[in-house]
Each structure stands twice: as C-alpha cells, then as structure tokens.
Amino acid sequence: MVTRININADMGEGYGHYQIGDDAAILTIVKSVNLACGFHAGDATVMHDVCMQAKELGVSVGVHPGFNDLWGFGRRRIDMSPRDLEYMVAYQIGALKGMAKYAGIEITHLKPHGALNNMAADDPEYALAIARAIKTVDPSIYYLALSNSEMEKAALKLDVPLAREAFIDRQYTADGNLASRKNPDSMIRDPKVAAERAVRMVMDQEIVAIDGTKMPTPFDSLCIHGDEPTAITVARAARDAMVEAGIEIVTLPEVMAAKEAA
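Letter 65 of the sequence shown, counting from 1, is numbered 65 in UniProt numbering, and no numbers are missing.
1. Suppose you measure from the CA of A133 to the CA of E56; what does that come to, to the nearest Å?
2. Return the CA-CA distance between Y87 and R236, expressed in angstroms with no decimal places.
3. Where does E244 land, buried or exposed, given buried means 16+ other C-beta within 10 angstroms?
4. With 16 other CB atoms within 10 Å as the buried threshold, where does Q19 fall?
5. Do D138 and K97 have their C-beta atoms within less than 8 Å of each other?
6. Could you round the C-beta distance between C213 and A174 to whole angstroms and report it? I think they count as a contact, below 8 Å.
7. From this set, T136, G58 and L70, which residue's C-alpha is nearest D106's C-alpha?
8. Looking at the structure shown, is G94 part of a helix, part of a strand, or coil, going by DSSP?
9. Considering Cα atoms alone, identify which of L110, K153, V46 and D122 is closest to L144.
10. Apart from the five residues on each side of it in sequence, which residues of its chain come closer than 8 Å, Cβ to Cβ, to P218?
11. Give the DSSP-derived three-state secondary structure of G62 in the structure shown.
12. Identify every residue that forms a DSSP beta bridge with M215.
13. Is the beta carbon of V61 closer than 8 Å to that of A54?
14. Report back the beta-carbon spacing between I249 and I7 to the nearest angstrom; my notes put them in contact at under 8 Å.
15. Ignore the nearest five residues each way along the sequence and tell me which others in Y142's own chain have a CB closer than 6 Å to its CB.
16. Measure from the C-beta of K182 to each C-beta in chain B and report whether the shortest distance is under 8 Å.
17. Which partner residues does V33 have in the DSSP bridge list?
18. In the DSSP assignment, the beta strand (DSSP E) including Y142 goes from what residue to what residue?
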C-alpha cells in the first residue's frame with residue numbers, strides 16, 4: 001500500500017496586476033507547485049514571489065510551460081513544428097530557472113499546461129519535443145507526465161527522469177485521458193467527493209472514469225488546479241482526508257527518491 005504521495009498544484013498564473021488563484025493559500029496545502037512561465041500566464045515578478053514563498057515552506061518548484069496564448073490562458077490548441085515547440089519549452093525552463101536562483105532553489109520537475117499537456121498526451125512528436133527540451137536544458141528535471149500517455153513513453157524513450165501524475169479534481173474518460181473542459185462535469189468541485197476520490201486513488205492505485213470504468217494506474221503525484229474558485233477547499237479536503245488515512249504528503253523529489261531506492 002502507498003503511504004507517501006505528492007500533491008502538486010498549477011499556480012503562479014496571475015499576470016501584472018491580475019491575480020488568478022490564491023497562491024499563498026495553495027502553498028500551505030500542497031508540497032509541489034508548477035509555475036507558469038510567462039507564455040499562457042505568469043511573469044517574472046510572479047515567478048520570483050512564488051519561488052521565495054515555496055522555499056520558505058519547503059515546497060518543490062516545477063516548470064509549467066504552455067502555449068504562447070495569454071488571451072486563451074493556454075487552453076487553445078496550437079499546431080506548430082515539434083522543433084519550435086522544443087525551443088518554446090526550453091525558453092520557459094530557462095525563465096523559471098533564472099527566477100529560482102533568487103530564492104536559492106533548484107527546479108525539480110516540468111509539467112505542461114492546458115492544451116499543450118492534452119496534445120502532448122496524445123501526440124508522440126509533441127511529447128518528444130518536451131522531453132528533448134528537458135534533456136538539453138536540465139536533464140535532472142522530472143518529466144511530470146500523465147500516466148499511460150505519450151509523454152510517459154517519451155520520457156522512457158529519451159531516458160529523461162519520469163514521474164507520473166493523476167488528477168484529484170478532473171474527470172477521466174474510459175481511455176485514460178482527461179475529460180474535455182467543454183464537458184460541464186469535467187471538473188470535480190465538491191470537496192467531499194474530491195477527498196473520497198483522492199484517498200481511494202492512493203489506496204487502490206486506480207482511477208475511476210466518468211462512466212464508472214476502473215483503471216489501475218501508477219502515479220507519483222496528484223494534481224489540484226489552483227485557478228479554480230474551489231481550489232482551496234478541494235485541495236484542503238483532499239489533503240486532510242489522505243493524512244487521516246495515514247498517507248504522508250511529501251515533495252515530489254522525496255516521493256521519487258523513496259521509489260528509486262526501493
């Protein structure tokens with residue numbers, strides 16, 4: 001039975017004077033964060049501030065690269081050459097590594113955002129482009145990939161450190177992919193439902209699809225979306241339920257170190 005797990009959150013998604021999500025509150029709940037790097041959201045000041053807070057709270061920090069799509073918050077699909085995509089991701093890794101230096105911390109992982117994550121889950125060329133960017137800029141970074149996706153295959157193919165992810169607050173289809181946000185039921189916003197789901201996922205190492213299909217799924221980290229209005233209550237309920245069930249919440253590097261030592 002799994003007794004340690006990581007909870008990660010997508011955050012740092014404000015921009016200038018615009019604030020999206022309660023980053024300060026999320027940082028007290030999760031143990032890893034994925035920071036927007038200026039393309040779909042975020043800017044240098046936001047990245048700097050979150051890195052400083054994360055260091056103080058012992059939260060590991062990862063890159064959250066997205067498409068160059070501020071208007072669409074990175075949720076619009078963009079077709080581009082794999083080589084251009086690789087450079088775009090490498091650029092965003094470099095941006096966050098620069099801000100992390102101000103806090104004296106190292107970047108630990110990378111998780112694609114929004115439409116880029118969805119496309120890379122299905123498209124081997126997109127998945128490999130992201131893996132190449134990681135391997136070139138910092139081969140110590142974990143590729144935090146949706147379990148059973150093309151991203152997972154790409155990490156294994158290019159020998160990039162791999163950590164697998166599942167979602168607390170998103171519904172899945174029976175093929176193992178995330179349900180489209182066009183579906184009004186794709187997000188789980190009820191804290192009680194999220195808490196019960198999180199504990200079951202960790203204890204049973206399986207995901208239950210939106211149609212009831214049970215899918216055995218290995219994962220190292222569970223994600224919560226920081227931009228949702230219900231993010232704080234859902235994240236706190238899930239965290240508290242897991243702790244009550246005897247599950248320790250730790251950083252992603254701690255989960256992976258224990259797994260690799262086993």
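Using N, Cα and C, we set each Cβ at its ideal position, and we do this for glycine too.
On the basis of the data shown:
1. By one-based count along the sequence shown, residue 133 stands at place 133. By one-based count along the sequence shown, residue 56 stands at place 56. Those two C-alpha atoms are separated by around 29 Å.
2. The sequence position of residue 87 within the sequence shown is 87, counting from 1. The sequence position of residue 236 within the sequence shown is 236, counting from 1. Their Cα atoms are separated by approximately 36 Å.
3. Counting from one through the sequence shown, the residue named residue 244 turns up at place 244. Exposed, because fewer than 16 other Cβ atoms sit within 10 Å of the Cβ of E244.
4. Here the question's residue 19 lines up with position 19 in the sequence shown. When all chains shown are included, Q19 counts as exposed.
5. Indexing the sequence shown from 1 puts residue 138 at position 138. Indexing the sequence shown from 1 puts residue 97 at position 97. Yes, the pair counts as a contact, with Cβ atoms nearer than the cut-off.
6. As a working mapping, residue 213 is identified with position 213 in the sequence shown. As a working mapping, residue 174 is identified with position 174 in the sequence shown. According to the sequence provided, residue 213 is Thr. The question's Cys does not apply to it. T213 to A174, Cβ: 4 Å. Contact.
7. Residue 106 sits at position 106 when you count from the first residue of the sequence shown. Reading off the sequence shown, one finds Glu at residue 106, where the question assumed Asp. Looking at the Cα atoms, G58 is the closest of the given residues.
8. In the sequence shown, the residue the question calls residue 94 occupies position 94. G94 falls in the helix class under three-state DSSP.
9. Working through the sequence shown from its first residue, we reach residue 144 at position 144. It is L110 whose Cα lies nearest to the Cα of L144.
10. As a first step, residue 218 must be located in the sequence shown, where it is residue number 218. So the qualifying residues of the chain are S147, R164 and Q205.
11. The sequence position of residue 62 within the sequence shown is 62, counting from 1. In the three-state reduction of the DSSP assignment, G62 falls in the strand class.
12. Translated into the one-based positions of the sequence shown, residue 215 becomes position 215. BP columns for M215 point to I207.
13. As a working mapping, residue 54 is identified with position 54 in the sequence shown. As a working mapping, residue 61 is identified with position 61 in the sequence shown. Contact: yes.
14. Against the sequence shown, residue 249 aligns to sequence position 249. Against the sequence shown, residue 7 aligns to sequence position 7. Their Cβ separation, rounded to whole angstroms, is 6 Å, which keeps I249 and I7 in contact under 8 Å.
15. Position 142 of the sequence shown, counted from the first residue, corresponds to residue 142. So the qualifying residues of the chain are H109, P161 and A163.
16. Although the question refers to chain B, the structure presented lacks it and comprises just one protein chain.
17. For the purposes of this step, residue 33 is identified with residue 33 of the sequence shown, where counting begins at 1. BP columns for V33 point to A9 and V61.
18. On the sequence shown, position 142 is the one that residue 142 refers to. From DSSP, the beta strand (DSSP E) with Y142 extends over Y142 to L146.
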